[in-house]
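Data block below; observations after.
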Amino acid sequence: MWKMSDREVEEVEGIDEMVLESLKPHPNLKEIRIWSFIGVRFCNWFSSLTNLTSISIVSCGKCQSVPPLNKFPYLKSLSLEFLSNLEYFSEEASKEVTFFPLLKELSLKDCPKLKGWWKRDDDDDGVELPSFPCLSKLDIDQCPNLLSMPLYQSLEELRLWDTSSKPLLQTIMLVNSVGPSTSSKISTPLSKLKSMEIDGIADLESLPMEGMRNLTSLVDLNIFRCSRLTQVHQGIRFLTSLQNLKIESCDELDFLKDDMEWQSLQSLYSLKLNSLPKLVSLPKGFQHLTSLQKLAIGCCDQFKSPSNEDEYYMPWQGFRSLRSLKVYELPKLVSFPKGLRYLTSLRKLTINNCDQFESPGNEDEDDMPWQGLRSLQSLHFLGFQNWCLSQRGFDILPLYRICILMIVTNLNHLAVRMTMICHGKALGASSLYIFMAFQNWCLSQRDFNMLPLYKI
30 MWKMSDREVE EVEGIDEMVL ESLKPHPNLK EIRIWSFIGV RFCNWFSSLT NLTSISIVSC
90 GKCQSVPPLN KFPYLKSLSL EFLSNLEYFS EEASKEVTFF PLLKELSLKD CPKLKGWWKR
150 DDDDDGVELP SFPCLSKLDI DQCPNLLSMP LYQSLEELRL WDTSSKPLLQ TIMLVNSVGP
210 STSSKISTPL SKLKSMEIDG IADLESLPME GMRNLTSLVD LNIFRCSRLT QVHQGIRFLT
270 SLQNLKIESC DELDFLKDDM EWQSLQSLYS LKLNSLPKLV SLPKGFQHLT SLQKLAIGCC
330 DQFKSPSNED EYYMPWQGFR SLRSLKVYEL PKLVSFPKGL RYLTSLRKLT INNCDQFESP
390 GNEDEDDMPW QGLRSLQSLH FLGFQNWCLS QRGFDILPLY RICILMIVTN LNHLAVRMTM
450 ICHGKALGAS SLYIFMAFQN WCLSQRDFNM LPLYKI
C-alpha cells in the first residue's frame with residue numbers, strides 16, 4: 030500500500046514517480062492500494078503484476094491515465110476514487126468482446142472529468158461492445174460526465190449517485206441493439222439485478238420502460254433526489270419481485286398519473302414516500318398492494334385528507350396485511366381516512382407532527398376509522414395540538430395490549446385524555462408513556478390513584 034500525508038506530498042513533490050518506480054513489488058502480489066500519489070503517470074512495473082485480484086487507486090489528483098486495467102485477468106475488485114483529471118481508462122476500445130473475466134466489484138467515485146471507459150468516435154457506433162461477464166456490484170458516485178460503460182448483464186447491485194443517467198440509459202439501448210453474434214452470450218440484461226439505488230440523478234425524467242421490464246429479480250429500489258423525475262409507472266409495473274421501495278425528494282413526481290400501475294407489485298413488503306411536494310393523496314392503485322406490511326408517508330406538504338368516498342376507501346382496501354403505518358409532518362392532513370378501518374392486521378400506528386390534525390365533528394366520524402384496528406399493539410402520538418380520541422374510540426381499541434406513547438402540546442386535551450385513560454379501558458394498556466414540558470398542569474389525586482402504575 031502506497032499512501033502519503035499532505036506534508037509528505039509537499040516534501041517529495043517532483044520525485045514521487047521515482048520513489049514509486051523503485052518499489053518494484055513481487056510479481057505475485059494479489060492486492061495493491063495507492064493513495065495520494067501526485068505523479069502524472071503510474072510506474073512501468075504496474076502492468077507486470079498480472080496476478081492482482083484487487084486494485085484501489087484513491088486521491089491521485091494529477092493522474093491523467095491509469096495502468097491498462099484489462100491486462101489483469103484475475104482482477105476481482107477495482108476501486109477508482111478522487112481522480113480529478115482522469116477522462117478515460119483507455120485510449121481505444123478493447124478488441125475483446127469479453128474483458129475483466131473475473132471482475133465482480135467496480136467502484137467509480139469523484140471522477141468529475143471521466144467521460145467513458147475509452148475514447149469513442151462516431152464510427153464506433155456499430156462496434157461490438159466489451160462486456161463484464163461476472164460483474165455483480167457497480168457503484169458510480171459523482172461522475173457527472175460519464176457517458177458510456179461496457180455492458181454488465183450479470184449485475185446484482187447497482188448504485189448511481191450524483192451522476193448522469195446516461196450510463197444506465199445508454200447501456201440499456203446498447204444491449205437492446207446487440208446483434209445476433211453476441212445475443213447468445215448475453216442473457217436478458219439486468220435480469221439478475223436485486224438492488225438498485227438512484228440518488229441525485231438530475232437528468233432522469235422517467236424510469237426507462239425497455240430496461241425496467243428485464244428487472245424481474247429486483248428486490249430493493251431506492252429513488253432519491255431526482256429533481257426532474259415526473260413518473261415511475263411505466264417502469265415500475267414490471268418489478269414483480271420488488272419487496273422494498275423508497276422514493277424521496279423527487280419534486281416533480283406526480284403519482285396521480287400512476288393510479289393503476291401498481292397491480293403487478295404483489296410482493297411489495299415495505300413502502301416509504303418522503304418529501305414529495307406533488308403527492309396529494311394515495312393513488313387508487315395502492316389497493317393492489319396486498320402484501321404490503323410497512324407504509325411510511327412524511328414531509329409531503331400537499332398531502333391532505335381525502336375529499337370523496339373513493340379516496341376514503343379505495344387505496345386502503347388492499348392493506349389487509351399492513352402491520353406498521355407511520356405518517357409524519359403532513360401539514361394539510363386534518364383527519365384519518367375512513368379506510369383505516371380495513372387495517373385489521375395493523376400492529377403499530379405512529380402519527381408525528383401533523384399540525385392541522387383535529388378531532389372529527391362528531392363521534393360517529395371519530396370512531397369509524399378505528400373499528401378495524403383489532404390487532405393494534407403500539408399507538409404513538411407526537412406533537413399534537415388539536416386532536417383527541419373520543420371515549421368510544423378508546424373503547425373500540427384493544428387497549429389491554431397497546432403501548433401508548435403521547436407527546437402532546439395542548440394541556441386541556443391532555444387533561445381530558447388522561448381522565449379518560451384513568452377511568453376507561455386504557456387501564457389495561459401494557460405501557461403508557463406521556464412526555465410533557467408543562468409548568469402549570471398536574472394529574473388529580475383521584476386520577477392518579479386509578480392508574481395501574483405497575484404497568485406504566
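Residue numbers (the numbering used here): 30 to 485.
From the three backbone atoms N, C-alpha and C, an ideal C-beta is built for every residue, glycine too.
Within the same chain, show all residues whose beta-carbon is closer than 6 Å to that of residue i, passing over the 5 residues directly before and after it, in chain order.
i: Lys-100; result: Ser-76
i: Lys-133; result: Lys-105, Cys-163 and Ser-165
i: Lys-59; result: Thr-82
i: Ser-224; result: Glu-186 and Asp-249
i: Ala-231; result: Ser-256
i: Ser-119; result: Trp-147
i: Asn-251; result: Glu-226 and Lys-275
i: Ala-325; result: Lys-301 and Lys-355
i: Phe-71; result: Pro-96
Please identify the residue among the options whose C-alpha is closest to the C-alpha of residue i.
i: Leu-49; options: Lys-133, Trp-345 and Asn-73; result: Asn-73
i: Gly-68; options: Leu-109, Thr-79, Ser-85 and Val-95; result: Val-95
i: Leu-167; options: Leu-175, Ser-160, Lys-148 and Leu-187; result: Leu-187
i: Pro-196; options: Phe-332, Ile-169, Lys-148 and Ile-86; result: Ile-169
i: Cys-172; options: Pro-141, Ser-304, Lys-323 and Met-225; result: Pro-141
i: Cys-383; options: Lys-355, Arg-403, Gly-368 and Leu-375; result: Lys-355
i: Phe-348; options: Pro-179, Cys-255 and Gly-314; result: Gly-314
i: Gln-292; options: Ser-193, Ser-304 and His-262; result: His-262
i: Pro-179; options: Tyr-117, Leu-282 and Lys-361; result: Tyr-117
i: Gly-368; options: Ala-325, Ser-334 and Pro-237; result: Ser-334
i: Ser-136; options: Ser-119, Phe-129 and Leu-107; result: Leu-107
i: Gly-264; options: Arg-254, Met-238, Leu-274 and Ile-252; result: Met-238
i: Lys-323; options: Ser-350, Met-241 and Leu-294; result: Ser-350
i: Ile-373; options: Leu-98, Thr-217, Arg-403 and Pro-97; result: The residue asked about is misnamed: residue 373 is Thr in this sequence, not Ile. Checked all of Leu-98, Thr-217, Arg-403 and Pro-97; the closest Cα to Thr-373 is Arg-403.
i: Asp-191; options: Pro-54, Gly-240, Phe-253 and Ser-160; result: Phe-253
i: Gln-346; options: Leu-109, Leu-318 and Lys-307; result: Leu-318
i: Leu-294; options: Ser-51, Arg-242, Lys-53 and Pro-306; result: Arg-242
Once the 5 residues before and after residue i are set aside, which same chain residues still bring their CB inside 8 Å of it?
i: Ser-296; result: Thr-269, Ser-270, Leu-271, Gln-272 and Ser-320
i: Pro-56; result: Ser-77, Leu-78, Thr-79 and Asn-80
i: Met-47; result: none
i: Tyr-103; result: Thr-79, Asn-80, Leu-81, Thr-82 and Leu-131
i: Leu-176; result: Lys-144, Gly-145, Ser-193, Lys-195, Pro-196 and Gln-199
i: Pro-97; result: Ser-76 and Ser-119
Could you give the DSSP three-state label for residue i: helix, strand or coil?
i: Gln-260; result: strand
i: Leu-49; result: helix
i: Lys-367; result: helix
i: Asn-99; result: helix
i: Ser-409; result: Before going on, a small fix: residue 409 reads as His here, not Ser. Three-state result, His-409: strand.
i: Ile-67; result: coil
i: Trp-291; result: coil
i: Gly-457; result: Its pLDDT being 47, under 50, Gly-457 is placed unreliably in this model, and the value from its coordinates should be taken loosely. Gly-457: helix per DSSP, three-state reduction.
i: Arg-446; result: Low local confidence applies: a pLDDT of 46 at Arg-446 is under 50, so the model's placement there is unreliable, with the coordinate-based value given in what follows. Arg-446: helix per DSSP, three-state reduction.
i: Thr-211; result: Residue confidence is low: Thr-211 scores 42 on pLDDT, short of 50, so the model does not pin down where it sits. Its coordinate-derived value is still stated next. Of the three classes helix, strand and coil, the one that applies to Thr-211 here is helix, per DSSP.
i: Ser-76; result: helix
i: Leu-402; result: coil
i: Leu-180; result: strand
i: Phe-315; result: helix
i: Lys-59; result: coil
i: Phe-267; result: coil
i: Leu-440; result: Here the model assigns Leu-440 a pLDDT of 42, short of 50, so the residue's position is not dependable and the matter cannot be decided.
Could you give the C-beta distance for residue i and residue j, rounded to a whole number, given that I count them as a contact under 8 Å?
i: Tyr-228; j: Leu-258; result: The sequence shown places Asp at residue 228, rather than the Tyr named in the question. Not confirmed; about 12 Å, so no contact.
i: Tyr-371; j: Gly-401; result: 6 Å
i: Leu-408; j: Leu-378; result: 5 Å
i: Lys-91; j: Phe-111; result: Not quite, the Cβ-Cβ distance comes to about 11 Å (not below 8 Å), so this is no contact.
i: Asn-174; j: Leu-198; result: That belief does not hold up - the Cβ atoms of Asn-174 and Leu-198 are roughly 15 Å apart, past 8 Å.
i: Phe-332; j: Ser-310; result: 7 Å
i: Cys-328; j: Ser-304; result: 4 Å
i: Gln-260; j: Asp-280; result: With a Cβ gap of about 13 Å, Gln-260 and Asp-280 do not count as contacting.
i: Arg-266; j: Glu-234; result: No, Arg-266 and Glu-234 are not in contact; Cβ-Cβ is about 17 Å, not under 8 Å.
i: Leu-236; j: Gln-182; result: So it is not a contact: roughly 19 Å between Cβ atoms.
Pull up the DSSP beta-bridge partners for residue i, would you.
i: Phe-253; result: Asp-228 and Glu-277
i: Glu-134; result: Ser-106 and Lys-166
i: Trp-147; result: Ser-119
i: Thr-379; result: Lys-355 and His-409
i: Leu-187; result: Leu-167 and Met-225
i: Leu-302; result: Ile-276 and Ile-326
i: Lys-361; result: Lys-333
i: Val-87; result: Trp-64 and Glu-110
i: Ser-235; result: Gln-260
i: Ser-310; result: The partner list for Ser-310 (beta bridge, DSSP) is empty, contrary to what the question assumes.
In chain order, what residues of the same chain have a beta carbon less than 7 Å from the beta carbon of residue i, not counting five sequence neighbours either side?
i: Leu-222; result: Leu-184, Glu-185, Leu-187, Leu-244, Ser-246 and Leu-247
i: Pro-344; result: Leu-311, Pro-312, Lys-313, Phe-315, Gln-316 and Gly-368
i: Asn-114; result: Gly-90, Lys-91, Cys-92, Gln-93 and Lys-142
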